[in-house]
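Residue numbers (the numbering used here): 33 to 366. Just so you know, even glycine gets a beta-carbon here, dropped at the ideal spot from N, CA and C.
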Amino acid sequence: MEAKWIAVTAVAPLAWGATYVVTRQLLPADAPLWGAAIRALPAGMLLLLLARQLPRGAWWWRSAVLGSVNIGAFFLLVYVAAQALPSSVAASIMALAPLALSGFAWWLLAQRPTVHTLVGAVGGITGVVLLVGGARGELAVSGVLASASALGLSAFGSVLATRWADDTPVLATTAWQLVAGGALLTLAAIAVEGRPPAVGPAAAAGYVFTSVVATALAFVCWFAGLRRIRAGAVGVIGLLNPVTGVVLGSVLTQERLAPLQLAGVALTLAAIAVVTRAPSHPGARARRGPVPVSVSPAVASARPAGRAVRRSGRHARLTRRPRAARSAPSGPRP
Numbered sequence: 033m034e035a036k037w038i039a040v041t042a043v044a045p046l047a048w049g050a051t052y053v054v055t056r057q058l059l060p061a062d063a064p065l066w067g068a069a070i071r072a073l074p075a076g077m078l079l080l081l082l083a084r085q086l087p088r089g090a091w092w093w094r095s096a097v098l099g100s101v102n103i104g105a106f107f108l109l110v111y112v113a114a115q116a117l118p119s120s121v122a123a124s125i126m127a128l129a130p131l132a133l134s135g136f137a138w139w140l141l142a143q144r145p146t147v148h149t150l151v152g153a154v155g156g157i158t159g160v161v162l163l164v165g166g167a168r169g170e171l172a173v174s175g176v177l178a179s180a181s182a183l184g185l186s187a188f189g190s191v192l193a194t195r196w197a198d199d200t201p202v203l204a205t206t207a208w209q210l211v212a213g214g215a216l217l218t219l220a221a222i223a224v225e226g227r228p229p230a231v232g233p234a235a236a237a238g239y240v241f242t243s244v245v246a247t248a249l250a251f252v253c254w255f256a257g258l259r260r261i262r263a264g265a266v267g268v269i270g271l272l273n274p275v276t277g278v279v280l281g282s283v284l285t286q287e288r289l290a291p292l293q294l295a296g297v298a299l300t301l302a303a304i305a306v307v308t309r310a311p312s313h314p315g316a317r318a319r320r321g322p323v324p325v326s327v328s329p330a331v332a333s334a335r336p337a338g339r340a341v342r343r344s345g346r347h348a349r350l351t352r353r354p355r356a357a358r359s360a361p362s363g364p365r366p
């Protein structure tokens with residue numbers, strides 16, 4: 033795989049992993065819906081100003097669907113899961129993302145999971161389970177259902193965004209999703225939590241980080257990676273999310289990781305290395321059919337005089353010129 037796009041994709045889970053610490057340390061705990069809305073809507077507006085492009089045609093309803101799935105519903109379900117489940121259990125369920133992304137990519141994009149992806153997914157999931165402490169804790173059915181639903185919706189929405197990808201810049205499509213999802217979250221916050229919370233300097237800094245870095249920048253990098261790397265591989269790279277969260281939390285609290293947790297970090301990083309060293313797939317556009325044939329002037333001039341290149345649709349085809357259109361011989365007949 034191309035190292036540049038691996039690095040770009042990795043920005044998203046690294047930023048999302050840091051969000052755990054920022055949210056816990058800086059943001060108010062009694063207004064999670066407003067926190068999600070303030071995170072999503074300003075990020076979408078910022079990207080919209082940078083993209084300077086409004087949706088056209090089918091992108092109006094596509095943006096509403098993707099924003100509702102990838103942003104609105106996902107943030108709400110993650111909040112429910114976080115309230116009902118221990119963080120170790122929630123993280124272990126969300127670690128199944130590589131398999132979920134591979135499954136939806138096989139269904140929607142005809143991307144069969146490779147051996148490297150499956151090995152990396154299994155290794156990464158095992159590493160995350162070791163990292164978060166073996167997923168110990170009380171299992172509330174509502175929390176498990178919410179976490180599993182969030183996982184499924186996120187994987188489905190990410191792959192669906194790749195399936196619908198066209199020549200529209202990823203900056204614009206990401207902006208439209210965030211605006212749609214942020215609007216949905218704002219309505220939910222007003223209905224459930226009422227007025228927005230008071231924001232001090234520390235909370236303002238936290239909201240700036242979560243909105244600009246962990247949402248605007250992170251989602252652009254995530255969707256850009258999905259356009260150029262197999263969905264299953266992107267899911268394995270996404271396991272940097274819990275690794276970053278646990279490691280940063282340990283550094284800030286000055287707590288040492290247990291040997292099993294260190295083994296989990298090493299196993300997860302090894303799984304990511306296995307996947308990212310695999311041959312890259314030709315890109316999301318390859319599934320739409322063969323690439324049009326272009327004929328250079330040099331090649332065209334070397335063709336027999338009685339043949340010419342005529343285009344039909346997206347493909348070039350070799351056909352005979354009409355007899356009347358053929359040029360007459362310049363010299364006498366033999």
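Own chain partners of residue i with C-beta closer than 7 Å, once the 5 adjacent residues on each side are dropped
| i | result |
| --- | --- |
| P274 | G49, A123, A127, V160, L163, V164 |
| R144 | W138 |
| A250 | V43, A44, A47, W48 |
| A230 | none |
| G264 | P130, L133, S134, A137, P145, T149, A153 |
| A235 | L58, L59, P60 |
| I70 | Y239, S243 |
| F241 | V54 |
| T300 | G156, G159, V160, L163, L271, V275 |
| V266 | T41, L133, G257, L258 |
| V110 | A182 |
| V245 | A47 |
Assumed close pair residue i, residue j - CB separation to whole angstroms, cut-off 8 Å
| i | j | result |
| --- | --- | --- |
| L203 | G76 | About 11 Å separates the two Cβ atoms, so there is no contact after all. |
| F255 | T308 | About 18 Å; that fails the 8 Å criterion. |
| G99 | L192 | Their Cβ separation, rounded to whole angstroms, is 12 Å, which puts G99 and L192 out of contact at 8 Å. |
| A116 | A178 | 7 Å |
| L32 | A298 | Lying outside 33 to 366, the shown extent of the chain, residue 32 is not represented and no answer is given. |
| G213 | A72 | 5 Å |
| L2 | V252 | This structure gives no information on residue 2, because the portion of the chain shown stretches from 33 to 366. |
| L140 | R195 | 5 Å |
| F107 | A68 | 4 Å |
| G277 | T41 | 18 Å between Cβ atoms; not a contact. |
| S282 | L289 | 5 Å |
| R259 | A197 | 5 Å |
| W208 | P74 | With a Cβ gap of about 15 Å, W208 and P74 do not count as contacting. |
Cβ shell of residue i (< 8 Å), same chain only, five flanking positions each side left out
| i | result |
| --- | --- |
| P201 | A83, Q85 |
| I304 | G152, G156, V268, I269, L271, L272 |
| K36 | none |
| P247 | The question names Pro, but residue 247 in the sequence shown is Thr. Here the set comprises R71, A72, A75, L210. |
| L280 | G49, A50, Y52, V53 |
Sequence-distant residues of its chain with Cβ nearer than 6 Å to residue i (five each side left out)
| i | result |
| --- | --- |
| I38 | T308 |
| V101 | L185, G189 |
| V224 | L65 |
Residue i beta carbon near the ligand HEM (any heavy atom closer than 8 Å)
| i | result |
| --- | --- |
| A207 | By its list of ligands, the structure shown contains no ligand whatsoever, and the ligand HEM lies outside what it can speak to. |
Cutoff 9 Å: residue i Cβ touching any chain D Cβ
| i | result |
| --- | --- |
| R144 | Any reference to chain D falls outside this structure, which holds one protein chain only. |
Exercise for review: Report yes or no: do three or more beta-carbon pairs, one from the region 127-143 and one from the region 263-283, lie closer than 8 Å?
Suggested key: yes
Point to revise | Cβ contact check for the region 147-158 and the region 175-186: 3 or more pairs under 8 Å | key: no
Exercise for review: Decide if the region 52-64 is in contact with the region 185-194; the criterion is three or more beta carbon pairs, one per stretch, under 8 Å apart.
Suggested key: No, they do not touch.
Review point. Can you give, in chain order, each stretch of the alpha helix (DSSP H) that sits fully within the region 103-162 and has at least 4 residues?
Key: 106-116, 119-126, 129-141
Review point. Whole beta strand (DSSP E) runs in the region 227-314 with 3 or more residues, listed along the chain?
Key: none
Check your understanding: Which parts of the region 160-217 are runs of the beta strand (DSSP E), unbroken and 3 residues or longer, counting only runs that do not cross its ends?
Key -> none
Review point. Which residue spans inside the region 34-115 form an unbroken alpha helix (DSSP H) run of at least 4?
Key: The alpha helix (DSSP H) runs lying completely inside the region 34-115 and spanning 4 residues or more are 35-58, 64-83, 91-99, given in chain order.
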